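One structure is given here, and the rest of the page talks about it.
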Amino acid sequence: MATYAMTIDERSTQGKALLTYLGTLDIKLQPLTHKVAPCQFSKKEMFSILSESTDEARKGAGTSHEDFKREMASWL
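With the working numbering applied, the sequence shown corresponds to residues 1181 to 1256, in that order.
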């Protein structure tokens, strides 16, 4: 199974037709809020990443808080 993100103008004739067609194929559609795609990692992968990050932080390794804030700001 795969997850895809796409933009459909549901107000246009083509968009309405596409949504109707996808509905007939029993494809699960989930509108995304704020145009954010679903996370690419599974729950298990996220726990693994968090565990590794926690270990790094306890050892004094990793990224400083200020560098992290700058990086997060660049994503927005």
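Note that CB positions come from ideal geometry on N, CA and C, so glycine has one too.
Fair warning: this is a prediction, and the values are worked out from it, not measured in the lab.
Whose C-beta lies closer than 8 Å to the C-beta of residue i among residues of the same chain, with five residues either side of it excluded?
i	result
Leu1199	Ile1188, Glu1190 and Leu1209
Ile1229	Phe1221
Ser1233	Gly1242
Cys1219	Met1226
Gly1195	Ile1188 and Asp1189
Could you tell me the boundaries of the alpha helix (DSSP H) in which residue i lies?
i	result
Gln1220	Per DSSP, Gln1220 belongs to no alpha helix (DSSP H) and is neither H nor E.
Arg1250	His1245 to Trp1255
Lys1196	Thr1193 to Thr1204
Find out if the Cβ-Cβ distance for the pair residue i, residue j is shorter than 7 Å.
i	j	result
Glu1236	Gly1242	yes
For residue i and residue j, I'd like the C-alpha separation in whole angstroms.
i	j	result
Asp1247	Phe1221	23 Å
Since residue i contacts residue j with CB under 8 Å, what's their CB separation in whole angstroms?
i	j	result
Ala1185	Leu1212	7 Å
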